[in-house]
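Report on the structure given below.
Protein chains: 2
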Amino acid sequence: MKLPGQEEFEASSACENIPTGEMDSSLVPDPNPGGPSDTDSTEVGVFKDPMLFIQLNELLGWPQALEWRETGRWVLFEEKLEVGAGRWSAPHVPTLALPSLQKLRSLLAEGLVLLDCPAQSFLELVEQVVRVESLSPELRGQLQALLLQRPQHNIRTTGIRPCWGFTDLRKASHDEDTPLKEQHQNALRLKLPPGVEAAAVLAGELGFLAQPLGAFVRLRNPVVLGPLTEVPLPSRFFCLLLGPPTRGRGYHEMGRAVAVLLSDPQFQWSVRRASNLHDLLAALDTFLEEVTVLPPGRWDPTVRIPPPKCLPSQHKRLPSQMREIKGLSRPRGAPAEDRHDHGPHATCPELQRTGRLFGGLVQDVRRKATWYPSDFLDALHPQCLSAVLYIYLATVTNAITFGGLLGDATDGAQGVLESFLGTAVAGAIFCLMAGQPLTILSSTGPVLVFERLLFSFSRDHNMDYLPFRLWIGIWVATFCLVLVATEASVLVRYFTRFTEEGFCALISLIFIYDALCKMLNLTRAYPIQRPGAPAYGCFCQYPGPGENESQWTRTNLKNRDDILIMDLGLVNASLLPPSECTRQGGRPRGPGCHTVPDIAFFSLLLFLTSFLFATALKHVKNSRLFPSMVRKVFSDFSSVLAILLGCGLDAFLGLATPKLLVPREFKPTLPGRDWLVSPFGANPWWLSVAAALPALLLSILIFMDQQITAVILNRAEYRLQKGGGFHLDLFCVAVLMLLTSVLGLPWYVSATVISLAHMDSLRRESRACVPGEAPSFLGIREQRVTGLMVFILTGISIFLAPVLKFMKRVQLLLMPAKHQPDLLLLRHVSLNRVHIFTAIQLACLGLLWIIKSTPAAIIFPLMLLGLVGVRKALEWVFSPQELLWLDELMPEEERNITEKGQEPEHSFSGSDSEDSELMYQPKAPEINISVN
Amino acid sequence: MKLPGQEEFEASSACENIPTGEMDSSLVPDPNPGGPSDTDSTEVGVFKDPMLFIQLNELLGWPQALEWRETGRWVLFEEKLEVGAGRWSAPHVPTLALPSLQKLRSLLAEGLVLLDCPAQSFLELVEQVVRVESLSPELRGQLQALLLQRPQHNIRTTGIRPCWGFTDLRKASHDEDTPLKEQHQNALRLKLPPGVEAAAVLAGELGFLAQPLGAFVRLRNPVVLGPLTEVPLPSRFFCLLLGPPTRGRGYHEMGRAVAVLLSDPQFQWSVRRASNLHDLLAALDTFLEEVTVLPPGRWDPTVRIPPPKCLPSQHKRLPSQMREIKGLSRPRGAPAEDRHDHGPHATCPELQRTGRLFGGLVQDVRRKATWYPSDFLDALHPQCLSAVLYIYLATVTNAITFGGLLGDATDGAQGVLESFLGTAVAGAIFCLMAGQPLTILSSTGPVLVFERLLFSFSRDHNMDYLPFRLWIGIWVATFCLVLVATEASVLVRYFTRFTEEGFCALISLIFIYDALCKMLNLTRAYPIQRPGAPAYGCFCQYPGPGENESQWTRTNLKNRDDILIMDLGLVNASLLPPSECTRQGGRPRGPGCHTVPDIAFFSLLLFLTSFLFATALKHVKNSRLFPSMVRKVFSDFSSVLAILLGCGLDAFLGLATPKLLVPREFKPTLPGRDWLVSPFGANPWWLSVAAALPALLLSILIFMDQQITAVILNRAEYRLQKGGGFHLDLFCVAVLMLLTSVLGLPWYVSATVISLAHMDSLRRESRACVPGEAPSFLGIREQRVTGLMVFILTGISIFLAPVLKFMKRVQLLLMPAKHQPDLLLLRHVSLNRVHIFTAIQLACLGLLWIIKSTPAAIIFPLMLLGLVGVRKALEWVFSPQELLWLDELMPEEERNITEKGQEPEHSFSGSDSEDSELMYQPKAPEINISVN
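Line order of the protein sequences matches chains A and D.
Going by full-length UniProt numbering, 281 is the number at position 281 of the first sequence; the sequence numbering is gapless.
Going by full-length UniProt numbering, 314 is the number at position 314 of the second sequence; the sequence numbering is gapless.
See the structure below:
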């Protein structure tokens, strides 16, 4: 199952983005420009070189009005000038025709190649290029004048107004090498990472040339070549491709070919280090060997391919000498290893068993202690403020939702106030103490389900609920401490996708089912009135001379129909509404007096409206209509906005819909109890011992719920630097278990969705985004402050409770969208086998559902644990290879396979070379427990 | 605006599909196989050759268990064997690496090339291939045995069970050349067009070979090579690529390269005619010149590109000699011409002015008369039956909808019965007589709006509506006849997209506005009861001793509150429901007695449910979940299904929602009127003359509504063979105008959406679809029978009227989805200019809306005509080039541009060569008038 808010993680973590953002520090002017000597200078990304901005200036208007115009530009992808529309095209993957590359090759082979040209200005450069050519002096002059002519750029300045180049300035002084205001104001400049260099390609057809003229220049020191490029960047490369008019746009295409070559990281790497023409041509040939060819009959070359979400990995394209030096070549079997990065098994040192009592806990404390100061310092970023606001809203929504549900489930033994207080206290303590402070504690679905079962059980057996619950809490804390002491958390390696999915699907199902049931129950509380049904009969009867009150009470009325057909005789009546009637001393009479019409349908309408509105807002993210910021806000706050809409509609119509009861004073919801729960109450003493049995079940539940979330949060793709703390987290949960039980507050464990949202709101991303490039994911701001702030705010909110008269029925279940066509999986496992696997999962789920519906419901945590066993049994049904694709490997299988030779064996390695490297990238988490 | 049901037209008409379906007749075994002599034999499509099925058999299992396995196949696109999953990949555009093409070239250059090989069986072929090679006899034997070994195919037989080749038969007799049962049962066979030939490519690494071995064979007469190919087709080409083991899968890639080459139409054309090795290599070089190259740094070569919706045009790739012979090269300026195919201007001879009175009508009748017999014969196809059912349902839905709306609009002067009768009579007559019998006549939005305005006008001035309307009908018929006589229909050339969009947007807006108003009015009719509101006070009062009836009637009660606070004194009361109360001689008292609760919200719920359900079903078409047939049925019948759902819900709950009144007898809805409308009624005589004024307005409306639809239906992309009949259609409409006015039936003109749906249900498409190929559009079954049947059925349905107790409120407006990112437009016109154009359109629309809302509403047809004038005025604001892209050209501009040199001039022809040919393809209609 995929959850809302996960897409970003997936998109970024699965890709090998060229990390433009990381160039901030290291790529400001290259200290060692050019030359083949610096192969092992500082390295960023795969190829260490600065990024290139490449611009194609085309010579147009032959023969009357020659002018240079920028008609294409490249950073990662190509943008074309759309002349009629006067704008740049969307960035797209550049496509070339093979002949243009071949013609370019021969032109370069015969032309002028200047490597490490010492020119300090555009004028010097042009003089160099023109002088060396075998041209007549007259032609040289003409050519020089032409080259120095100012090109027209299509610049969008940082203001909104697009500015059409320098048409009016074209005849200004030529030798001025300083760039113009428009160039400095170019909005594109802000998108390029610092340290970027420029390359200018000049191409076109020139009538007075008898033969083609090609020149390729690498400047020793990059210089700003005046108004040549639209962004005033120091230029490193310069390429000139001119020739007599030909059929088609041959020189334009050759110009594009040079630009595309220069935008290729490997070609660029080689050409920066080329020492002669031969090196240059060799680099071109290497490029040609690696191109992808699309056949002309099956692909329209004019189609613009949008930038792929992930750039292909450039690792294997590293020049071999460099690869050897860096030791960057991937080890054999690496793909299979990457596949296991899913779980934290391979990477997490915190999951190594120490073998000592509390060894894991001690290690966790020791490890986290070193990060503790930085956990506060790292929060000094404005992003943390918005994260606090966002997570605060989500937490409050959660607290209200679960408070309401808990109130329902425990018949008022706990309520919204307890939910707020507990969330604030437990959350804040956890954020201060835990191993993974990014985790947000919350009431979660499984625990709520358990609490509901527990309450019905104790009600049915006439027990005092809160004292019984206190003992359960004490036992659970004890068991959890035992689990911490024995380092049981290392067992999370057995929580594969199979277990997680079964667990989550069951919980989701319970919630959806409950929501629908409640909705339908409304029609019982507020019956719909069919035509002819007499439910709205009502009048006000006064005591008076015709008083025959006795008739109502005396007559033993069986049902409503009896009332209706009964002749009341003489009464003193009016039609005052019930409340007014009572006030004036009368009595409202009739079945219609206490019926509220319209509520059932209106509630259903509100339910649908809020659900559809929230769903629609979620999808706004993928719309094309608004700027991405607006879309993100809409979709991030979709639930909140939908709830607000529902409340607004309700308030506007002012109908008597059922509302959430929020206490107005700071005291326990259950009347007449102290904050401290009495240890026995009306229960017999032995119940405190017997509580160990349900506590065992709850411990399993807490352990699984807590650790599945922890596993998801600590996955490798989030690139957490400070590591997790499985043992410490469980220890904190155990202590909080004790505390909340004593105070009669709800129980708390880590909630997946809200924790993921927390991490998501703390993503660090590369800011400057080259056209066509997706922002790259740099990591998470790992700190304790945002969580702490959220819970402090939640605590303060208790005193705002009267404000929070939120509606109860609008808390919707956003059913997790199941849209996950895992095609790579299907490339390797036959569909039948996938179906069998799914069928088994479904059967398990069905069994769990049945158990949940019987009186044995309370043992369902045991069954959840059984899922792990079923998964183990699957090894008899499926081969390890299949399980590798369908699920994940359990530790033993993993070892077996590793021993067999690092890679799962295929009898036929047929289509392996076909698979993209992407399939070996770690995937994003697909699991969720809590519902938001 | 785009309408549901139009996508198919667009998708197919914009593409140049390779017409596999048309090969049915002409491509059964090529009478002139091979050889360069038959360059000018019969031609189908661009290249006349039979299609090739190409299969790559790879040698696997070296060194222990050598076996041939089919690992790839090609018809138009590539399918790869996914070994682990045991299935074929989805078809995709094949991508190659350049080196594999180059290696293949050198292997072929050094290898054996047999053109016109006379082999009659696989054995003979293998002997030939092996004998010529410079191999030792021993090697030859080994090789021969290896080649004759049966390959394994992944065959999905026509049964469901996939069959894994012939594993058990592999050791059976080798020299048997007859294909096996599995091959004959191969499901793929049904997808290939008749006459298709096979090509087999055998590639692999063979340890005992010292040097590479390449052979390319063209058989003189194609023969079935036993079990070599998975489909037992006659093989034309055979290619063998073997060599010593190398790094990577070099021979596999070379094999793919040969296959991709052979699947290219131009390469195939050349190789079928090659007379020597040189020709073969030249064809390969030509291929190389035309490939599209993707740079390695920006494109992951392992990504599988899905088949493009439209294959690139192969016209320009025709070998020059062939192009000259055929005269197939496109004339210059063709693109600009194609752009004008939008309207029927360029192609329709029926829109040439003859200059004689009724000249156009006479021509239309003459032209259509020749097709008249075929209009009945062409209907002999089962597809017509389903079309009749589909359009019948749509027509009945329409008749009910408009019947209900008309009843509302005319206060019952017309109703559902009139709507059914009129639809049946007018539709049937039109289908028998009209120029374009595919048109479906219906009440349409504009006419309904006019009728509503007319009725309010005559009611406000105390006129007798139907007689007044009769005179208007007489005048409209007269005016229309004048329009026919003067050939006014040629003016449709002035109906460009601008006019159409303005017209349609206004009508849609009116309908949406009306629907929402009606929905909100429900809350007035069935008020929502707020808490404390006393509306549900009600009791039953009997006459009796305490009778003080007078108090109710005597007291001058101002408002409901007075009733409520009034003390009734002594009454004899009960709580019987109102109906029962009356029956027992009592009187229901109180404001609550006649209120029906829940209706407003329930109606709103039904409205939303039906709308969302219909919208969701419409989108099912683009889902991935069901087979395409199921999806098509769901989305085609979405409105009907949604209405049924709404009715079902309503019936299930049995609430007293307002229902549509359907007559139970065959007589006019207005009580007391004859079928024939009396010519004067209560109106003064001069009203029959004055009726000419509104008739003039209505004539404009009828003319525009009718002709805009006609223009859309007769567009070139539907490839209608029998032409339209604009004059004849208008004549029919005029006659029907008269008839319906005399009988007091609704007025009818062509309805766009339903007519398009009619055409859509009669599409002829190529049946056999090669993997990855979209079915190609061949034309429409043009005939009169389906329409006639629909209207006969509609007529019969009048007697089924009691069955049709459909709900009234569920008739939803499916707002036309505006989702039309015309990027090609934006490539040529600046966004600002587009915005200005849109702003003008919006301003016009606003003006129309304002006029529609004032007492001057009735003149709005005049304003619609004004749109044409505004469009003409736009020529001062926009250049002809911009208008060409934004709208369409009006006839004068067109001529101007044509005179200037066939093409719109661009001062800079920069990115023209970049644009796909697709942009010159005629576009699908985007206009709609009627609402379904």
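Glycine included, every Cβ here is placed at the ideal spot set by N, Cα and C.
All figures in this text were calculated on a predicted structure; none of them were measured in a lab.
Item: Would you kindly work out how many angstroms separate the C-alpha atoms of Q721 of chain D and R524 of chain D, rounded to a whole number?; Value: 55 Å
Item: Using a 10 Å radius around the Cβ and a threshold of 16 neighbouring Cβ atoms, would you call E350 of chain A buried or exposed?; Value: buried
Item: Should C538 of chain D be labelled buried (16 or more other beta-carbon atoms within 10 Å of its own) or exposed?; Value: buried
Item: By Cβ distance below 6 Å, which residues in the same chain neighbour Q783 of chain A in space, the five residues on each side in sequence not counted?; Value: D375, D378, A379
Item: Relative to the C-alpha of P382 of chain A, which candidate in A:D279, A:R763, A:P467 has its C-alpha closest?; Value: A:R763
Item: How many angstroms separate the CA atom of Q142 of chain D from the CA atom of C239 of chain D?; Value: 18 Å
Item: Under the three-state reduction of DSSP, which class applies to E899 of chain A: helix, strand or coil?; Value: Because E899 of chain A carries a pLDDT of 48, less than 50, the predicted location of this residue cannot be relied on, and no value is offered for it.
Item: Using beta carbons (cut-off 9 Å, strictly below), is D300 of chain A in contact with chain D?; Value: yes
Item: Does any C-beta atom of chain D lie closer than 9 Å to the C-beta of S830 of chain A?; Value: yes
Item: For S755 of chain D, which beta-bridge partners are listed by DSSP?; Value: DSSP lists no partner for S755 of chain D.
Item: Do Q706 of chain A and L739 of chain A count as a contact pair if the criterion is CB distance below 9 Å?; Value: no
Item: For K368 of chain D and G779 of chain D, which I take to be in contact (beta-carbon distance under 8 Å), what is that distance rounded to the nearest angstrom?; Value: Their Cβ separation, rounded to whole angstroms, is 18 Å, which puts K368 of chain D and G779 of chain D out of contact at 8 Å.
Item: When you compare the CB of R317 of chain A with every CB in chain D, is at least one pair closer than 9 Å?; Value: yes
Item: Kindly indicate which three-state DSSP category F777 of chain D falls into: helix, strand or coil?; Value: strand
Item: Output the distance between the C-alpha atoms of G407 of chain D and F420 of chain D, rounded to the nearest integer angstrom.; Value: 13 Å
Item: Between the alpha carbons of K659 of chain D and A426 of chain D, how many angstroms are there, rounded?; Value: 27 Å
Item: In this structure, does DSSP put V749 of chain D in helix, strand or coil?; Value: strand
Item: Beta-carbon separation of residue 935 of chain A and G359 of chain A under 9 Å?; Value: For residue 935 of chain A there is no data in the structure shown, the boundaries of chain A being 1 and 932.
Item: If you pair each beta-carbon of the segment 303–314 of chain A with each one of the segment 88–107 of chain A, do three or more pairs fall below 8 Å?; Value: yes
Item: Starting from D49 of chain A, find everything on chain D with Cβ-Cβ shorter than 7 Å and list it in chain order.; Value: Ordered by position in chain D, no residue passes the 7 Å Cβ test against D49 of chain A, which lies about 12 Å from the chain.
Item: To the nearest whole angstrom, what separates the beta carbons of F287 of chain D and P296 of chain A, a pair I think is in contact under 8 Å?; Value: 7 Å
Item: When the Cα of M737 of chain A is compared with those of A:V271, A:E197, A:T423, which residue comes out closest?; Value: A:T423
Item: In angstroms with no decimal places, state the Cα-to-Cα distance between V293 of chain D and V291 of chain A.; Value: 6 Å
Item: At a CB-CB cut-off below 9 Å, which residues of chain A make contact with I528 of chain D?; Value: P597, D598, F602, L653, L655
Item: Unbroken alpha helix (DSSP H) runs of length 4 or more, entirely within the segment 410–491 of chain D: which are they?; Value: 416–433, 445–460, 465–485
Item: What would DSSP say about residue 958 of chain D, mapped onto helix, strand or coil?; Value: Nothing can be reported for residue 958 of chain D, as the shown portion of chain D is limited to 1 through 932.
Item: Is L288 of chain A close to chain D? Criterion is C-beta to C-beta, closer than 9 Å.; Value: yes
Item: Run through the DSSP bridge pairs and tell me what R497 of chain D is partnered with.; Value: Answer is none; R497 of chain D lacks a bridge partner.
Item: From E717 of chain D to Y372 of chain D, what distance separates their C-alpha atoms?; Value: 23 Å
Item: Hey, could you find the ends of the alpha helix (DSSP H) N276 of chain D is sitting in?; Value: No alpha helix (DSSP H) holds N276 of chain D; DSSP gives it neither H nor E.
Item: Keeping to the same chain, check which residues put their C-beta closer than 6 Å to that of P694 of chain D; ignore five residues upstream and five downstream.; Value: I472
Item: Do the CB positions of Q266 of chain A and R317 of chain A come within less than 9 Å of each other?; Value: yes
Item: By the criterion of Cβ-Cβ separation under 8 Å, what are the contact partners of D264 of chain D in chain A?; Value: P295, P296, G297, R298
Item: Between which residues of its own chain and L213 of chain A is the CB-CB distance below 6 Å, once the five residues before and five after are set aside?; Value: L242
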